[in-house]
Structure formats: C-alpha cells, structure tokens
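Residue numbers (this note's numbering): 643 to 944.
Written below as structure tokens is the structure these notes are about.
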C-alpha cells in the first residue's frame, strides 16, 4: 500500500520526537538519566521529549506561519518557547535569553559563540526544513544554512543542519544514498565520514567501530553523519535503530531524534512502534502540526 506524502510528514515529526524521547533516558551520566526517569520516561506513562523536539516544533510552526523561513520570527519563537527543563545547553540558554531580552540574534550569536558553534543543535531540529522544501533542493540548502546560523554559525554546525534536511527530503522519495550526500558535502569532515559509512554497505558494523570512525557526541560532523548512517542501516526497524543508538552512547537522544525523523519520512507514521507512539508527549499536537506543514508546503510548491 502506497504511503501518502502527508503521512510521511507526520512520520518524520513523530519519529523525531519518539527517537528523542526514547534516547533521552540514556543520554549523559547517571544524574541526567535519573532526572529523565523521574520525569516519566521510565514509568510506562508519557514519553517526554527534549529541546531537540521543542525546537523542531517551533521551526515547523514558523515555516507555516511565515510561509517559508523568516529567521527573525524563528529566533524570537525559539526564545519565547524555550523550556529550560528540556535540556538546553549552557550556550543555547545564554543565546536564547539574550534574544528573549530583545537582542538581535546575529549579535547574540557573535557574543556567545565568537567563532560559531559546531555542535549538533542545528542538525537536531532540521527535519521540518527537509519536509517543507523537499521539492526545491536549492531553496532547502539556503533555508537550512540560514536557520542553522541563528544558533550555529560555524561552517561545520551549519553543514550538519543542511545534511539532516537533505537526508529527510531524500527519504521522502526513497532510500538514502550516502554517496550522493557525500558528493554534496562541502567539507572533508562530512565527506570522509559519509564515504566511510557508505563503504560499510550492509555489514553489521559494531558500535565501537561506528563510534570510533564516525563519532557519537555533540559535534555535528560526527553525530549528524552517524544519524544518517543509522537511518540507512536500520531502514526496516525503528526499534533496532534506537537500540543501536543507545549502545553507541554519547548524545543518544539527538542521534536517535535525527535518525527517527529521517526514518519517519521514509516510511510514514505507521512504521513507528505503536506501543511507544501511544505514549509520546503531545502526539495529537504533533500530528496536527505535520498536517499543517504539509498543506503549507504544498501551497508554497504551487
């Protein structure tokens, strides 16, 4: 049975949120893991997501409201919506507080990150860009670069956002092509890792080798590539993708969120494990947002 494009939009946003929530329990050290457990992840109740999903939701809302990317509107929305209990990093907190207090995002970014941040914060929230601009890859790249630069002005941080947006758009149309993504990369850090991952083919490469060759922490050129690799390798099982991300360690929630958004775009919402999907925080809101994003994208493409 054919999967509708609208269902793929829903699958992407829900997959991002679900990967984020399932991975959050296993991110970081014992204190951080215990905090997420107490907030509901381990109780068989609500699966609570982190800043990854909160920023992706705000990005989707901004794209719908402004009928495209408006960086000033998006920066203000991120600042207004930020819930510090969601796990925002120190730098992101400072930057968003400055924007909330009236600073221009360009000035705030330079003040907090003089050389630009190359963390994965731009990549973790980029799936809505891949969905919205999937029919125009040049516009997708421009929008992803601009949206990334609001918080992550380093070229490696920007490229992480572009990579995840491109991979999400690619997944809407078919299987991921890591060689094509590598050819489109603008830096050796991404190109070499994508080429390595592509060379593994269907081999069951162990977590230790993946972690050593690609990386699993917050650097965008490591974790974003790892997420794309996991989405390609575990094309048939969302659960196996999450399990492998947990075995990798590192920035587990963000890797699982990025890979989950890509897998959801590839296979639609029905691909996601129902027993977990039933418990995801704000499921109906996310489904409604995905429908609105699909309609806004369709109007823009006309």
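Even for Gly, the Cβ is constructed at its ideal location relative to N, Cα and C.
Status (buried if at least 16 other CB within 10 Å, exposed otherwise) for residue i
i	result
residue 905	buried
residue 680	At residue 680, the pLDDT of 40 sits below 50, so the modelled position is not reliable; the number obtained from the coordinates is stated separately. Exposed, by the Cβ-count rule.
residue 854	exposed
residue 766	buried
residue 671	Any reading at residue 671 is ruled out, since the residue's pLDDT is 46, under 50, leaving its predicted position unreliable.
residue 887	buried
residue 941	exposed
residue 881	exposed
residue 947	Beyond the ends of the chain as shown, which are 643 and 944, falls residue 947; an answer cannot be given.
residue 646	exposed
residue 832	buried
residue 813	buried
residue 944	Because the pLDDT at residue 944 is just 45, under 50, the model does not fix this residue reliably, and the value given afterwards should be weighed accordingly. Exposed is the call here.
residue 743	exposed
residue 901	buried
residue 928	buried
residue 947	Since the first and last residues shown for the chain are 643 and 944, residue 947 lies out of range.
residue 678	Note on residue 678: pLDDT 44, under 50, position unreliable in the model; the coordinate value appears next. By the neighbour-count rule (16 or more Cβ atoms within 10 Å), residue 678 is buried.
residue 630	Outside the shown range of the chain (643 to 944) lies residue 630, about which nothing can therefore be said.
residue 864	buried
residue 937	exposed
Beta-carbon proximity check, residue i vs residue j, cutoff 8 Å
i	j	result
residue 771	residue 753	no
residue 899	residue 883	no
residue 862	residue 840	no
residue 695	residue 658	yes
residue 665	residue 894	yes
residue 689	residue 921	yes
residue 931	residue 699	yes
residue 747	residue 792	yes
residue 734	residue 923	no
First and last residue of the uninterrupted alpha helix (DSSP H) at residue i
i	result
residue 885	880 to 890
residue 806	797 to 815
residue 660	647 to 666
residue 747	747 to 754
residue 872	862 to 875
residue 849	849 to 855
residue 744	Note, residue 744: premise wrong, no alpha helix (DSSP H); not H, not E.
residue 821	820 to 825
residue 708	693 to 708
residue 917	916 to 919
residue 792	Note, residue 792: premise wrong, no alpha helix (DSSP H); not H, not E.
residue 831	830 to 842
residue 923	That residue, residue 923, is in no alpha helix (DSSP H); it is neither H nor E in DSSP.
residue 761	Taken as a continuous stretch (DSSP letters only), residue 761 belongs to no alpha helix (DSSP H), as it is neither H nor E.
residue 773	769 to 774
residue 722	713 to 723
residue 905	894 to 909
Supposed contact pair residue j and residue i - C-beta distance, whole angstroms, cut 8 Å
i	j	result
residue 867	residue 835	4 Å
residue 913	residue 661	Their Cβ separation, rounded to whole angstroms, is 12 Å, which puts residue 913 and residue 661 out of contact at 8 Å.
residue 903	residue 810	6 Å
residue 939	residue 773	6 Å
residue 724	residue 738	5 Å
residue 656	residue 769	Incorrect: roughly 11 Å between the Cβ atoms, too far for contact.
residue 817	residue 877	7 Å
residue 925	residue 648	Not confirmed; about 16 Å, so no contact.
residue 715	residue 708	5 Å
Residue closest to residue i, alpha-carbon to alpha-carbon, out of the options
i	options	result
residue 775	701, 721, 757 and 827	701
residue 711	790, 729 and 921	790
residue 819	831, 806 and 829	806
residue 794	731, 858 and 651	731
residue 720	764, 812 and 650	764
residue 713	751, 665, 849 and 813	751
residue 830	845, 802, 843 and 851	802
residue 651	910, 860 and 746	910
residue 741	907, 708 and 718	718
residue 857	827, 821 and 889	889
residue 759	748, 796, 925 and 734	796
residue 897	761, 734, 937 and 878	761
residue 821	777, 870 and 780	870
residue 779	808, 729 and 756	808
residue 828	936, 865 and 783	783
residue 697	668, 729 and 687	729
residue 815	722, 745 and 907	907
residue 935	757, 826, 849 and 703	703
residue 891	860, 777 and 917	860
Contact test: residue i Cβ vs the ligand SAM heavy atom, cutoff 7 Å
i	result
residue 732	This structure lacks the ligand SAM, and indeed carries no ligand of any kind.
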